[in-house]
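>
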């Protein structure tokens with residue numbers, strides 16, 4: 118199985134502060150990988166390096182077979198991204214957003230139309246195609262944003278806290294979409310604060326203070342550390358002193 | 005109230021602007037609002053130099069207010085100088101000047117001022133008149149009737165209409181405001197919303213993003229130029245003596261400079277509000293004070309003159325006044341145009357650079 122993401126000693130310094138400290142990990146093709154960590158642990162910085170928004174201070178990483186520093190343009194064509202603060206333009210219609218992103222990723226008009234139709238059918242959003250995105254409820258927006266991120270059929274898709282503020286039913290549906298994408302061979306790299314969602318992932322990693330403190334399948338990690346839920350593990354790793362007194 | 009104070013103190017960027025802006029305004033306005041004029045560039049037209057003309061010319065040379073930019077034999081050379089903005093006043097001696105003085109017949113002196121700015125036009129005439137009068141008083145003596153008759157002409161603006169002064173500058177101001185504000189707001193809004201991040205992760209190159217955001221506003225700005233010109237001509241009666249095509253082309257370049265400026269402001273600010281304030285302070289203030297739009301550059305203190313060189317509006321006003329009032333064309337006004345192009349290039353490169361991934 119080829120590696121979708123291969124990270125080796127990736128480091129990022131800001132002056133004297135080391136945000137990401139020589140992390141090493143890899144993600145297999147078609148995996149759903151949960152990238153966890155407390156706020157300030159270095160998660161966002163790490164992701165930014167993987168998607169080409171930030172250059173590493175040291176170390177290397179390849180995403181979808183391309184080096185993030187030397188072949189950043191190639192990386193960008195092969196990945197999808199769903200930002201924490203939304204990716205869709207609120208005052209454009211659903212159709213217009215689809216056409217925009219399709220065009221940006223170089224899809225032909227035909228492909229845009231066909232894939233767009235398919236997407237809207239799968240989401241049951243055909244009636245809302247001409248509505249502005251602002252009119253959609255939050256859950257629908259999120260599902261739409263995810264679908265749009267997958268429009269150009271990227272090898273790897275990066276999701277930054279995609280289910281923030283959404284009701285549990287929609288979260289379930291969202292994760293079903295994630296599984297469907299993974300089944301098609303897309304690698305899903307997702308960060309989340311909802312540790313029950315972390316249990317849905319094939320493997321997870323937990324970042325603490327710039328380093329990876331734990332990595333493995335949810336089952337493995339729970340057995341290794343003798344905890345019932347990943348939540349406990351997370352708290353234990355993120356606040357060792359608090360857990361010791363816990 | 006305490007909470008409000010905290011808000012104010014913690015919003016560093018806005019605070020800086022709110023404290024420094026009034027200070028800057030007081031300083032700049034204070035210096036700019038002066039009605040005296042320095043560094044008046046005078047060109048002499050002296051077909052038959054004689055002792056009197058040379059003496060009078062020496063008077064001007066010795067007077068600190070005047071800067072002699074040329075002595076030419078015919079008046080034909082003067083017109084292009086005016087159009088390029090190289091001279092403020094021309095003194096034309098009639099042939100046989102000294103002879104007339106000696107005989108006691110009127111010796112005529114034609115004073116032609118560039119009155120595109122009617123305020124300085126009259127002031128310059130007054131200063132020149134004073135120098136001439138003092139020479140006249142010296143040369144004359146008891147019983148001798150020495151007559152130097154200055155004949156004044158206000159070039160380009162015979163009626164000294166102040167609209168002719170303001171309106172070309174007003175066009176510059178409006179263009180800057182609209183263009184810089186538009187792009188600054190648009191870009192900072194994307195930054196705030198987070199959609200800019202997504203664009204940066206996409207295969208789009210930074211220059212594509214910038215051009216894509218800037219071009220539609222260019223069309224808008226162009227529409228603004230046309231309406232402003234129509235208003236200037238139709239409502240204020242500002243003459244239109246030069247090439248319309250050249251003015252439109254120059255306006256487009258100037259509008260692009262404004263758009264690029266807006267992009268730069270958006271890239272260094274963190275919020276829409278800061279971008280708006282930045283755009284307004286960074287464009288309106290220099291434009292009002294340092295561009296020669298209201299307060300002539302000649303009136304500004306010497307140390308401010310170099311500052312005016314980096315204000316794009318200053319160069320555009322030379323072009324707009326030149327074309328509208330003096331009928332000048334590209335032959336005379338190529339320099340300001342080149343400067344504007346240069347500014348555009350610098351700003352665009354800087355804007356594109358600012359979008360590249362931050363390196364360690």
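Chains as they are written, first to last, in our numbering: chain A, 118 to 363; chain B, 5 to 364.
Cβ coordinates follow ideal geometry from the N, Cα and C atoms, glycine included.
(1) Could one say the Cβ of residue 191 (chain B) lies closer than 9 angstroms to chain A's Cβ atoms, at least one of them?
(2) Please list, in chain order, the chain B residues whose beta carbon lies closer than 8 angstroms to that of residue 203 (chain A).
(3) Excluding the 5 residues flanking residue 286 (chain B) on each side, which residues of the same chain have their C-beta closer than 8 angstroms to its C-beta?
(4) Verify the CB distance criterion: does residue 170 (chain A) have a CB-CB separation below 9 angstroms to chain B?
(5) For residue 121 (chain A), which residues from the same chain have a beta carbon less than 6 angstroms from its beta carbon, with the 5 sequence-adjacent residues on both sides left out?
(6) Compare the Cα-Cα distances from residue 320 (chain A) to each of A:153, A:354 and A:124 and report the closest residue.
(7) For a contact defined as C-beta to C-beta under 9 angstroms, what are the partners of residue 85 (chain A) on chain B?
(8) Less than 7 angstroms between C-beta atoms, sequence neighbours within five positions excluded: which residues of the same chain meet that for residue 266 (chain A)?
(9) At 8 angstroms on the CB atoms, spell out the chain A contacts of residue 207 (chain B), in chain order.
(10) Go through the region 112–143 of chain B residue by residue and report every complete run of the alpha helix (DSSP H) that reaches 4 residues or more, in order.
(11) For residue 200 (chain A), return the contacting residues in chain B, with the cut-off set at a CB-CB distance below 9 angstroms.
(12) Comparing alpha-carbon positions, which option in B:129, B:110, B:234 and B:220 lies nearest residue 174 (chain B)?
(13) Put residue 176 (chain A) into one of helix, strand or coil per three-state DSSP.
(14) So, do the region 180–190 of chain A and the region 343–358 of chain A have three or more beta carbon pairs nearer to each other than 8 angstroms?
(15) Taking only the alpha-carbon atoms, compute the straight-line gap between residue 221 (chain B) and residue 65 (chain B) and give it to the nearest angstrom.
(16) From the DSSP output, in three-state form, read off residue 146 (chain B) for me.
(17) Determine the direct distance from the alpha carbon of residue 191 (chain B) to that of residue 247 (chain A), and round the result to whole angstroms.
(18) Quick check on DSSP: helix, strand or coil for residue 189 (chain B)?
(19) Identify, in the order they occur along the chain, each residue of the same chain with its Cβ nearer than 8 angstroms to the Cβ of residue 327 (chain A), setting aside the five sequence neighbours on each side.
(20) By the DSSP assignment, the beta strand (DSSP E) with residue 192 (chain A) in it spans what residues?
(21) Looking at C-beta atoms only, is the number of pairs between the region 128–139 of chain B and the region 283–301 of chain B that lie closer than 8 angstroms three or more?
(22) Does DSSP classify residue 231 (chain A) as helix, strand or coil?
(23) Below 9 angstroms between beta carbons: does that hold for residue 214 (chain A) and residue 222 (chain A)?
(24) At 3 residues or longer, what runs of the beta strand (DSSP E) sit wholly inside the region 247–293 of chain A?
(25) Quick check on the DSSP output: the alpha helix (DSSP H) that includes residue 145 (chain A) runs from which residue to which?
(26) What are the start and end residues of the beta strand (DSSP E) that includes residue 157 (chain A)?
(27) Measure the alpha-carbon distance for residue 86 (chain B) versus residue 316 (chain B) and round it to whole angstroms.
(28) Which term fits residue 5 (chain B), buried or exposed, when burial requires 16 or more other beta carbons within 10 angstroms of its beta carbon?
(29) Per DSSP, which one or two residues make a beta bridge with residue 281 (chain B)?
(30) Determine, using beta carbons only, whether residue 6 (chain B) comes closer than 9 angstroms to chain A.
(31) Does DSSP put residue 258 (chain B) in a helix, in a strand, or in coil?
(32) What does residue 81 (chain A) reach in chain B if we use C-beta pairs closer than 7 angstroms?
(33) On the criterion of 16 or more Cβ atoms from any shown chain inside 10 Å, does residue 254 (chain A) qualify as buried, or is it exposed?
(34) Taking C-beta to C-beta, are residue 217 (chain B) and residue 187 (chain B) nearer than 9 angstroms?
(35) Determine whether the Cβ of residue 317 (chain A) lies closer than 9 angstroms to any Cβ atom of chain B.
(36) Let's see if you can read the secondary structure: which residues bound the beta strand (DSSP E) around residue 397 (chain A)?
By the coordinates alone:
(1) no
(2) 197, 198 and 199
(3) 184, 265 and 269
(4) yes
(5) 144, 146, 273 and 304
(6) A:153
(7) Summary: the structure shown does not reach residue 85 (chain A), with chain A confined to residues 118 through 363, and so no result is reported for it.
(8) 197, 198, 199, 204 and 274
(9) 190, 193, 194, 221, 222 and 223
(10) 122–143
(11) 198, 199, 201, 202 and 205
(12) B:234
(13) strand
(14) no
(15) 50 angstroms
(16) Low confidence applies here, because residue 146 (chain B) scores a pLDDT of 49, under 50, leaving its location unreliable; read the following figure in that light. Residue 146 (chain B) falls in the coil class under three-state DSSP.
(17) 25 angstroms
(18) helix
(19) 135, 136, 137, 138, 140, 158 and 159
(20) Not the beta strand (DSSP E): residue 192 (chain A) falls in the alpha helix (DSSP H), residues 189–195.
(21) no
(22) helix
(23) no
(24) 273–277
(25) Note, residue 145 (chain A): premise wrong, no alpha helix (DSSP H); beta strand (DSSP E) at 134–145.
(26) No beta strand (DSSP E) holds residue 157 (chain A); DSSP gives it neither H nor E.
(27) 21 angstroms
(28) exposed
(29) For residue 281 (chain B), which the question treats as bridged, DSSP gives no partner whatsoever.
(30) no
(31) helix
(32) Shown here, chain A extends from 118 to 363; a query on residue 81 (chain A) therefore has no answer.
(33) exposed
(34) yes
(35) no
(36) Because chain A is modelled from 118 through 363, residue 397 (chain A) falls outside the range shown and cannot be assessed.
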